[in-house]
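J.: Following this message is one structure expressed as structure tokens.
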């Protein structure tokens with residue numbers, strides 16, 4: 001469980017385990033002109049937690065992070081790797097990205113829950129090796145919460161995972177993991 005820092009070019013040069021995210025889903029080096037966003041601290045924290053789950057073959061990763069990894073093409077290798085590691089992935093996208101000038105359904109400014117410009121999301125990724133042997137990619141469930149800061153906090157304070165209106169997302173193929 002964590003809330004890692006979001007810093008585009010991490011000063012943490014020691015952790016190299018996130019290099020598996022710098023591969024194309026179909027194999028080979030990521031064909032990206034500028035893959036620096038994969039060096040963000042929050043990406044390294046997700047990978048570190050994922051590697052612990054891989055080692056133990058069971059576990060849950062829960063993090064609140066920037067939401068850029070959900071749909072930015074640079075993160076396709078990361079998304080594919082998460083799909084291959086976990087059995088179930090829940091993504092609660094809290095949006096609030098002022099850089100993208102996100103709006104609510106009624107056209108109002110979508111607010112961030114933090115005083116930052118980058119939109120945020122909550123990731124819950126579950127691997128339960130005792131239930132079954134892994135034969136396919138993870139099932140992915142996503143929900144999007146738009147609105148003002150107070151409404152988002154009210155939602156988070158009153159809901160549990162069973163109360164969220166989850167939509168199942170089906171990645172088209174390893175070649176087309178365009179978003180989760």
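In the working numbering, the protein residues as written are 1 to 180. Don't be surprised by glycine CBs; every beta carbon is placed ideally from N, CA and C. All figures in this text were calculated on a predicted structure; none of them were measured in a lab.
#1: Go ahead and label residue 76 buried or exposed: buried means 16 or more other beta carbons lie within 10 angstroms of its beta carbon, across all protein chains shown.
#2: Would you list the one or two residues that DSSP bridges to residue 158?
#3: Under three-state DSSP, which class holds residue 176?
#4: Starting from the Cα of residue 95, find the closest Cα among 38, 59, 122, 127 and give me that residue.
#5: Please work out which residues of its chain come closer than 6 Å, Cβ to Cβ, to residue 141, disregarding the five sequence neighbours upstream and downstream, and give them in chain order.
#6: May I ask which residues mark the beginning and end of the beta strand (DSSP E) holding residue 85?
#7: Using a Cβ-Cβ cut-off of 7 Å (strictly less than) and excluding sequence neighbours within five positions of residue 81, which residues of its own chain qualify?
#8: For residue 103 versus residue 110, is the C-beta distance shorter than 8 Å?
#9: Using 8 Å as the threshold, is the C-beta distance between residue 63 and residue 88 below it?
#10: Could you tell me if residue 170 is buried or exposed, where buried requires 16 or more neighbouring beta carbons within 10 angstroms of its beta carbon?
#11: CA-CA distance, residue 130 and residue 58?
#12: Could you give the DSSP three-state label for residue 51: helix, strand or coil?
T.: Working from what's here:
#1: buried
#2: According to DSSP, residue 158 bridges with nothing at all.
#3: Unreliable positioning characterises residue 176 in this predicted model, as indicated by a pLDDT of 46, which lies under 50. The coordinate reading is nonetheless provided below. In this structure, residue 176 counts as helix in the three-state DSSP scheme.
#4: 122
#5: 90, 166, 168
#6: Annotation: residue 85 is outside any beta strand (DSSP E); the continuous alpha helix (DSSP H) that includes it extends over 76–85.
#7: Answer for residue 81: 20, 21, listed in chain order.
#8: Contact: yes.
#9: Here residue 63 is not near residue 88, since their CB atoms are 8 Å or more apart.
#10: exposed
#11: Taking the Cα positions, residue 130 is about 8 Å away from residue 58.
#12: helix
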